[in-house]
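Residue numbers (the working numbering): 160 to 445. Just so it is clear, CB atoms sit at the ideal spot from N, CA and C, and this is done for glycine as well. As the structure is a computational prediction, the values presented were derived from the model and not from experiment. This report concerns only the one structure given below.
This is the structure we're talking about:
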C-alpha cells in the first residue's frame, strides 16, 4: 500500500501536475483494488483448503478474531493519535511555520522508530508460535534492541545539528525538538519490542487500556501547554508519553511474568561475544 501511494504521488503530483484531490482519489481507488485482490486471494486459498477438510463455520474462532482485532485496533488508534495529533495542535495554536519546523523533527523521530518496528514484526510470529517461555525470549530481544537504539539515538543526536544546514536557518529549532524527543524515542522503541510478548499471546485488555490512558494524557498536555510554549512543549509531551507507555507496559510485564524489565538495559558480554563469533565465522566462510 505504501508503494502504491508513492507511485500515485509521483504520477499525480510530479508527472500530471494535478492537485491533492486527485491524489486522494487515486489512493482511494488503489486501496479498494488492493483490498479486492486480497479478498480474492483469501477466497481461493480457503477453497483450496476446504477441498481437504469439511466446510463448516467456526463462530468461536470468529469471535476470538474479532475480540483480538478490536483490542489491537484500539492500541493502533491511540498510538496514531499520540504520533500525529500533536502536529495538528501545533498548527492550530502556533501557525504553519511552527508546524513546519515540528514536522521535520517528528518525521525524523518516526524514521528512528522504524528500526524497532521491524524487529517487533520479526519477533511477533516467533512469540506466537513458541508459546512457552516467550517472556524470557522477549527480554533477550529487547535487551539487544536497547543497545542498538542507544547507538542509533546517540548518532541521531549528533546528526540533528545538520538539520538547519539541510533545511535552512529557519528550521534551527528542529534540532532542539528532536533532541527533546530522543529519550522518548528510545523508550518507545523498547516498548514496541517488549509488548510483542503480549501481542503474540492473546493481547490482554490492559495493553489497549494503557494506550488509551497515554493518549488522553498526551492530548491533555498538548492542549494545555502548546498554546503557551509552542512546538517545544509538543516535543516534551511526546517524549513524556513515550516514556509513560513504556513504564506501564514494563510494569505490567513484570507483574504478569515475574521477569525484571530492567534487564532490558543490561547487555551481557557473552551475548556480544557470541554475536561477534558468528559474524567472524560467516565472514571467513565467504
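Under the three-state reduction of DSSP output, residue 187 falls in the helix class. Shortest Cα-Cα distance from residue 249 to any of 303, 397, 271 involves 397. The beta-carbon separation of residue 360 and residue 293, rounded to 6 Å, stays under the 8 Å limit for a contact.
In summary, residue 419 is exposed, with fewer than 16 beta-carbon neighbours lying within 10 Å of its beta-carbon over all protein chains present. Going by DSSP, residue 375 is part of the alpha helix (DSSP H) stretching over 365-388. Counting along the chain, the unbroken alpha helix (DSSP H) around residue 323 starts and ends at 322-326. Linking residue 406 to residue 172 through their CA atoms gives a straight-line distance of about 43 Å.
Separation of the CB atoms of residue 386 and residue 230 is rounded to 34 Å, and the pair is thereby denied contact status at 8 Å. Scanning 394, 284, 228 for the CA closest to the CA of residue 335 turns up 394. Put simply, the region 260-277 touches the region 335-351. At least three CB pairs are less than 8 Å apart. Counting other Cβ atoms within 10 Å of its Cβ, residue 190 stays below 16 and is therefore classed as exposed.
The region 233-240 makes contact with the region 367-381: 3 or more CB pairs, one atom from each, lie closer than 8 Å. For residue 314 against residue 341, the beta-carbon gap comes to about 10 Å, at or over 8 Å, which does not count as contact.
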